[in-house]
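S.K.: Each step along the first sequence adds one to the number in my numbering, with nothing skipped, and position 249 is 258. Backbone N, C-alpha and C define an ideal beta-carbon position, used for all residues, glycine too.
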Amino acid sequence: MHKKFDSEAIEKRWQTKWQTDGLYAVGQRNKSKEKEYVLVEWPYPSGNLHIGHWYAFAVPDIYVRFKRMLGKQVLYPMGFDAFGLPAENAAIKRNLNPKDWTNDNISYMKNQLASMGNSFSWDKTTNSTDPEYYKWTQSMFTKFFDNDIAYRGKGIVNWCPGCNTVIANEQVLADGTCERSGDVIEKKEMPQWMLRITKYADRLIDDLETVNWPEHIKEAQRQWIGRSKGAKINFKLSTGEEVTVFTTRPDTLFGATYLVLAPEHPLVAQNKDQIGNYSEVSTHVSLSRAKDEQDRLDATKEKTGVKLEGITATNPASGEEIPVYIADYVLAGYGTGAIMAVPAHDERDYEFAKKFGIEVKQVIASTVELPFSEIGKLINSGEFNNLDSEEAKEKIVEKVGGKMTSTYRLRDWSIGRQRYWGVPIPIVYDPDGKAHVVPKEHLPWTLPEDVDFKPTGEAPLAKSEALRQRTEEIFGKGWTPEVETMDTFVDSSWYFLRYLDNENGSELASKARQQDWMPIDIYFGGAEHTTMHLLYSRFWQKALLDLDLVTENEPYRRRINRGLILGPDGNKMSKSKGNVIDPDEQVKLVGADTVKMYLAFMGPYEGANYPFDLGGIAGVRRFLERVNGLAEHIIEDESPEMLGQLHKTIDKVRSDIEAFKFNTAISAMMIFVNAAEKSGLSSDSYHTFLKLLAPFAPYLTEEIWSTLQTDTSIHLASYPEAKAELLIDDMVTLGVQVNGKLRGSITVSPEAEESEVLAAALVEESVTRYATKENVTKVIYVKGRILNLIVQS
RNA sequence: GCGUGGGUGGCGAAAUUGGUAGACGCGUUAGUCUUAGGAACUAAUAGGGUAACCUGUGGAGGUUCAAGUCCUCUCCCACGCACCA
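Below you can see the structure in the form of C-alpha cells.
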C-alpha cells in the first residue's frame with residue numbers, strides 16, 4: 010500500500026536530532042571495535058552543491074552506514090580544499106577578500122551537506138585555508154627543502170604575454186592561444202619550486218603491487234610514470250666529444266647506422282664551426298623550436314631532419330663510422346635527448362633512413378622482412394652472434410662501457426604558483442639571494458592581506474608591504490620573502506592525515522592517531538584524479554615516511570573510481586546545454602532519501618556514466634512510499650517462503666554492498682517488498698527489513714523506527730544477518746532442454762536424483778513433443794541448474 | 001598508433017561467473033477506481049508469427065551437451081597517453 014510521507018518535515022526533525030545527539034561523531038578510537046576509514050575526495054567550496062557531489066558523498070554513505078551497523082567504528086570525514094583560483098577570480102570580480110568568499114561558501118555548503126543526511130564525522134573536519142592546517146603544509150615543505158626533496162629548479166611554463174602571467178595547460182586552447190586574452194602562448198623557461206617525485210618513480214610503480222586497486226587504475230599510473238628500462242651508451246664524435254644516447258635495445262647496437270640528436274641538443278650549437286652546413290642546421294633548429302608541441306609530436310607527419318655535415322660518430326660496437334643528424338622526432342626532454350638509430354628494427358628510424366638513404370643493417374634473425382621491435386637471436390653482431398636479445402643486452406653494454414639504467418616519462422612536480430590564494434612558500438632570501446626556510450617558530454607563515462591580487466605579471470605577494478616588513482623584522486635588513494604560493498595539489502596530498510588529529514598543535518598528526526586509523530580502507534573518488542592527485546599524494550606519503558613522520562608506506566588500501574552523472578539528455582551537465590539537474594530542487598520534490606537511493610540505483614557505482622532520468626527517480630519514491638505503508642501488511646502467521654525470501658534478500662544486500670553494486674541491492678529489496686505486499690509478513694520480518702534498508706534511506710527508516718516503541722536510533726542497531734539454513738530452497742525450477750534448446754521447465758527438489766528429474770520431465774507435454782523415454786540417448790543433469798536431453802534426430 | 005574500459009529491449013540496467021537472456025526500475029498499451037493526481041490497482045510489454053514455433057546479447061568464425069559469458073579474427077564507442085628511443 011502506498012503511503013505518502015512528508016520528507017521535508019522528517020528530514021528536518023532527524024537532522025536536528027542526529028546533530029544534537031552527536032550520533033555520527035567519532036571521538037576517540039574505540040579499540041573494542043574494528044576500524045574502518047572511508048575517505049571521499051574533499052570538495053572545493055564553490056558555494057553550490059551539484060548532483061555530482063551527491064553522487065560522490067551520499068552513495069558512499071550507504072557503505073559507511075552499513076559498516077557502522079556491522080559493528081565497526083567508522084571514520085567518514087569531510088573537509089574543504091579551499092585554496093585555488095575560483096576564489097581569487099570571484100574576489101577580483103566582486104572586489105572582496107577571497108577569505109571571506111571562501112568562508113561564506115564553506116558555511117553555506119555545510120548546511121547543504123547536512124541536508125543529504127550523510128553520517129559524516131564532523132568532529133574530524135579540516136580546511137586547507139585554515140592557518141592551523143597550512144602551518145603543517147609549510148612545515149612539511151621546510152623538511153622537504155632540508156632533505157633535498159624540494160628544490161629550486163627550472164621548468165617550462167606557458168606564458169601569456171597578454172595576461173602577463175603563467176597560465177595552466179587547461180587554459181591553453183588547441184590552437185595554442187590563451188583562452189582569456191587570445192594571445193599566442195609562449196613556452197618560457199623559468200625558475201620554479203620543484204618536488205623530486207622522480208626520485209620515487211620506482212617505488213611508486215613497484216609498491217602498486219601492495220595495494221588492492223582495480224588493475225586499470227594501477228596501469229594508468231604505470232603508464233603515466235612511464236618507466237623504460239634500457240642503457241646509456243656513449244658514442245665518440247669526430248670532434249672528440251662524446252654523445253650519450255639512451256636505448257631500450259642495446260642488443261641491436263651493431264645495427265645502429267646513424268645517430269640523431271634533438272635539435273635543442275647542446276652539442277649542436279657548441280659545434281657550430283665544425284658543422285659544414287650550419288646555416289641549414291640552424292634553420293631547422295629554429296623551425297623545430299617554433300613548432301608548437303602538438304604539431305611537432307604529430308606522428309602522422311613526415312619526418313624531417315638535417316645531416317650534420319662534417320661530423321661523424323663511431324659505433325662503439327662495430328667501430329664503423331656513422332653519420333649524425335638532427336631531427337625533431339627526438340625530444341630534448343626525454344631520455345638523453347639523443348638516440349642511436351637502428352632502422353632495421355625500429356619503424357621510425359626505418360622511415361627516416363629510407364628518406365635519407367641511410368644503410369639498414371639487420372642484426373636480429375627473423376623470418377619477416379621488416380622485423381620491427383622483434384627479439385630473437387643476434388646476427389651480424391660479431392662475437393655476440395647467436396645470443397638471445399635479452400642475454401646480449403647486458404653483455405654488449407658491458408663491452409662498450411655503457412650503463413644499464415631506466416628513464417621515466419614522469420617529471421618533477423612544479424609546485425610554485427604566481428597566485429595570491431594559496432599557501433605561501435615558507436622561504437626567505439638573504440641579501441645574497443640565498444634561500445632559507447622560515448623556521449618552525451614562525452609558522453604558520455601567514456598569507457598577508459594587504460594585497461592587490463589583480464594579475465599583472467608579478468606574483469601578488471610581491472606587492473605586500475606587510476610581508477616585506479615581516480621578513481625584515483624577523484630576519485634582518487635586506488632579507489626578502491618568497492612571493493609564490495603552492496599548487497593546491499599540495500594541500501590535498503596529506504589532508505587524510507590531518508583528519509585523524511585535526512586539533513593537534515604540535516604535530517601534523519601523531520603517530521598514535523595514525524596507528525589508530527591508517528591506512529585508508531577505501532578511497533572513493535573521480536577518475537580524473539587517477540594520475541595526478543593519487544600519484545602526488547602517494548609520493549607525499551612516501552616522502553613523509555622517509556622523514557619518519559608517518560606510519561604507512563601506502564595511504565590507500567582500496568580505491569574505487571566512480572562514474573559521472575550526465576544530464577537527462579545523456580550529455581555532460583552544463584549551463585550552456587541547459588541540462589543541469591539541481592539537487593536542491595529534487596530534494597524538495599521527492600526527498601533526500603529518494604535522491605540518494607535513485608543515484609545508487611542507476612547502475613554499479615564503479616565506472617560507467619549515467620544519465621539522470623527524471624522519470625526513474627519517481628520509481629524510487631514510489632518504492633519508499635510502499636515501504637512506508639508496509640506495516641499494513643503485517644500478519645500473524647507468515648509463510649515460510651516469506652521468511653526464506655527475507656533471508657535471501659539479506660544475503661544479497663550484504664554481498665552487493667561489499668561489491669559496490671548498490672543497484673542490485675536495491676532491486677532485491679524492491680522484490681522483497683513486492684512479495685511482502687502480496688503475501689504479508691511478520692512484524693519481526695518487518696523490523697529486520699527496516700534495518701536492512703536503513704543505510705539506503707536513513708531518514709524514512711529512522712522515522713518509522715521511532716514509531717515502534719524504540720528509543721534508540723535505527724542507525725545504532727546491528728545489521729541483519731542471514732541464517733544459512735533459510736537460504737536453501739525446498740524446490741527449484743529447472744529448465745529442461747532438448748538438444749540444447751529450451752523446451753520446458755519442471756519444479757523439483759534441488760537434491761533430486763537424475764532418474765527422478767528425468768521422470769518429471771518426460772511427462773511434460775512441451776518436452777515429450779521432442780523427447781521420449783525411447784529416443785533419449787544421453788542425459789546431462791546439473792543439480793539445481795539444468796536438464797539437457799540429447800535425442801537422435 | 002599504444003593502453004584501459006565497454007557494446008544486451010524504446011531507456012537505466014540484470015544474469016548464480018559456462019546452465020531457463022532481459023531480474024528490478026522507467027516508459028508504453030489496455031482495463032478498474034475517483035479526493036482528476038507528478039495518483040493508485042490489475043494485466044501485458046525483446047522482435048516476428050493466429051498458433052505450433054522461429055529469430056535474438058555490435059559482426060564473422062570456433063570450442064562445448066550447453067556461450068552474453070571461453071578462444072580467433074573484425075567493426076564501433078568512451079576515457080587516458082601519444083614520434084618515449
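1) Nearest CA to the CA of VAL254: which residue from ASN395, MET413, SER247, VAL741?
2) Alpha carbon to alpha carbon, what distance is there between ALA67 and TYR85?
3) State yes or no: is the C-beta of PHE681 within less than 9 Å of the C-beta of LEU709?
4) What whole-angstrom Cβ distance do GLY425 and PHE263 have, given they're in contact under 8 Å?
5) Does the contact criterion of 3 or more C-beta pairs under 8 Å hold for the region 89-102 versus the region 603-617?
6) For TRP714, tell me which candidate among MET87, ASN120, GLU647, ASN637 has the shortest Cα-Cα distance.
7) Count the other CB atoms, across all protein chains shown, that sit within 10 Å of the CB of LYS76; report buried if there are 16 or more and exposed otherwise.
8) What is the DSSP secondary structure of ALA677, reduced to helix, strand or coil?
9) Would you call the CB atoms of ASP260 and ALA401 closer than 9 Å?
10) Can the beta-carbon of LEU213 be found closer than 9 Å to that of ARG547?
11) So, with DSSP's three-state summary, where would you put PHE92?
12) How is the beta strand (DSSP E) around VAL47 delimited, first residue to last?
13) Hey, quick one: how far does the beta strand (DSSP E) through ARG568 stretch, first residue to last?
14) Residues in its own chain within less than 6 Å of GLU311 by CB, not counting five upstream and five downstream?
15) Would you tell me roughly how many angstroms separate the C-alpha atoms of GLU647 and GLU516, rounded to the nearest one?
16) DSSP three-state label for GLN82, please.
17) Find the nearest neighbour of SER754 within the set ARG663, VAL252, ILE795, LEU690, judged by alpha-carbon distance.
18) On the CB-based measure, 16 or more other CB atoms within 10 Å of its CB, does ALA326 come out buried or exposed?
19) Keeping to the same chain, check which residues put their C-beta closer than 6 Å to that of ALA536; ignore five residues upstream and five downstream.
20) Out of MET679, TYR619, GLY410, state which residue places its alpha-carbon closest to the alpha-carbon of LEU859.
21) Can you have a look at MET199 and say buried or exposed, based on whether 16 or more other CB atoms are within 10 angstroms of its CB?
22) Within a Cβ cutoff of 7 Å, which residues of the same chain sit near SER727, ignoring the five residues on either side of it in sequence?
23) Cβ atoms of GLY93 and THR465: under 9 Å apart, would you say?
24) From GLN371 to ARG205, what does the alpha carbon distance come to, in whole angstroms?
25) If you measure between the beta carbons of TYR438 and THR134, is that distance less than 9 Å?
26) Which class does HIS11 belong to by DSSP, given the choice of helix, strand or coil?
27) In the DSSP assignment, the beta strand (DSSP E) including HIS656 goes from what residue to what residue?
28) Rounded to a whole number of angstroms, what is the C-alpha to C-alpha distance between LYS670 and ILE529?
29) Terminal residues of the continuous beta strand (DSSP E) containing GLN746?
30) What does the alpha-carbon distance come out to for the pair SER415 and LYS42?
31) So who's on the other strand from ILE331, going by DSSP bridges?
32) From SER694 to PRO52, what does the alpha carbon distance come to, in whole angstroms?
33) Is it buried or exposed, ASP355, if we count other Cβ atoms within 10 angstroms and call 16 or more buried?
34) Find the nearest neighbour of PRO759 within the set LEU767, VAL741, GLU774, VAL446, judged by alpha-carbon distance.
35) Quick check on DSSP: helix, strand or coil for ILE643?
36) Take PRO433 as the anchor and find which of ARG418, GLY442, PRO440, HIS451 has the nearest alpha-carbon.
M.R.: Considering the structure as presented:
1) MET413
2) 11 Å
3) no
4) Not quite, the Cβ-Cβ distance comes to about 47 Å (not below 8 Å), so this is no contact.
5) no
6) ASN637
7) buried
8) helix
9) yes
10) yes
11) coil
12) 44-49
13) 568-571
14) none
15) 59 Å
16) strand
17) ILE795
18) buried
19) ASN570
20) The chain is shown only over 10 to 802; residue 859 falls outside these bounds and no answer can be derived.
21) exposed
22) MET78, GLY80
23) no
24) 41 Å
25) no
26) coil
27) Note, HIS656: premise wrong, no beta strand (DSSP E); alpha helix (DSSP H) at 649-667.
28) 21 Å
29) 741-747
30) 46 Å
31) ALA322
32) 40 Å
33) buried
34) VAL741
35) strand
36) HIS451
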